[in-house]
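Working notes for the structure below.
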Amino acid sequence: DTAVSQTPKYLVTQMGNDKSIKCEQNLGHDTMYWYKQDSKKFLKIMFSYNNKELIINETVPNRFSPKSPDKAHLNLHINSLELGDSAVYFCASSAGGQQETQYFGPGTRLLVL
Amino acid sequence: GQNIDQPTEMTATEGAIVQINCTYQTSGFNGLFWYQQHAGEAPTFLSYNVLDGLEEKGRFSSFLSRSKGYSYLLLKELQMKDSASYLCAVRAGGYNKLIFGAGTRLAVHP
């Protein structure tokens, strides 16, 4: 029983295309996140939603649009893909409370050709 | 600005002890996390410190000094499966925002 799941695991596409990545968590958490991990392995926060409300929106090109249909799902849509978008995208979720540990999904490896 | 520094790579021998350091300069501080990430996998939570001192969890311990902006992760009785990247992350600012260091790649040799 997977806690945080993402689809697809791998995504290879051409420059200029539009693609979506889906994330679901069955932990009952209120908050979900999208991170980008580049080739240098830096993990950077992109967005966060709490109960379907956007609460963190880092400096990300507006070609990236997150959508949260309910608190268990957070999807990421990317328009007009560019070579520099190639990376691993991780979804994460956390409950409330003082510690609020974030639990990560398995990642989506995106390669833009 | 936000800055988190860790050594890029470390090597150690099976059965030994290794200490991975992390220094940070962030605007705001509300806790420090250590994550382990095996190649091609997701980061997994190891430890959390918000007060100064040592937190011990089996073979892994983590230390925090807020006045020095410094933490370390101590791994004892190293095993081959401990070969992984270790990510230091500071919670700074609101909304549980984590700022990650670049990670330390640890190689454990027989």
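Respectively, the protein sequence lines represent chains A and B. Following our numbering, the numbering of the first sequence begins with 216 at its first residue and continues without gaps. Following our numbering, the numbering of the second sequence begins with 7 at its first residue and continues without gaps. Beta carbons: idealized from backbone N, C-alpha and C, even for Gly. Remember, it's a predicted structure, so these values are computed and weren't measured experimentally.
query	result
With the cut-off set at 8 Å, would you say Ser309/A and Val219/A are in Cβ contact?	no
Can you confirm whether Leu240/A, when its beta carbon is compared against all beta carbons of chain B, has any partner nearer than 8 Å?	Checking the displayed sequence, the identity of residue 240/A turns out to be Gln instead of Leu. No, no contact with chain B.
Taking the alpha carbon of Pro13/B as the reference point, which residue from Cys94/B, Ala98/B, Glu61/B, Gln31/B has its own alpha carbon closest?	Cys94/B
Regarding Pro49/B and the ligand FMN, is the C-beta to nearest heavy atom distance less than 7 Å?	Absence of the ligand FMN from the depicted structure is noted, as is the absence of any ligand whatsoever, leaving it without description.
Rounded to a whole number of angstroms, what is the C-alpha to C-alpha distance between Gly299/A and Pro276/A?	11 Å
Indicate whether at least one CB of chain A lies closer than 8 Å to the CB of Ala98/B.	no
Secondary structure at Leu298/A, three-state DSSP: helix, strand or coil?	helix
Chain A partners of Pro116/B, CB-CB under 7 Å?	Simply none; closest approach about 25 Å.
What would DSSP say about Met230/A, mapped onto helix, strand or coil?	coil
Anything in chain B within Cβ reach of Ile271/A, meaning under 8 Å, just list it in chain order.	Tyr101, Lys103
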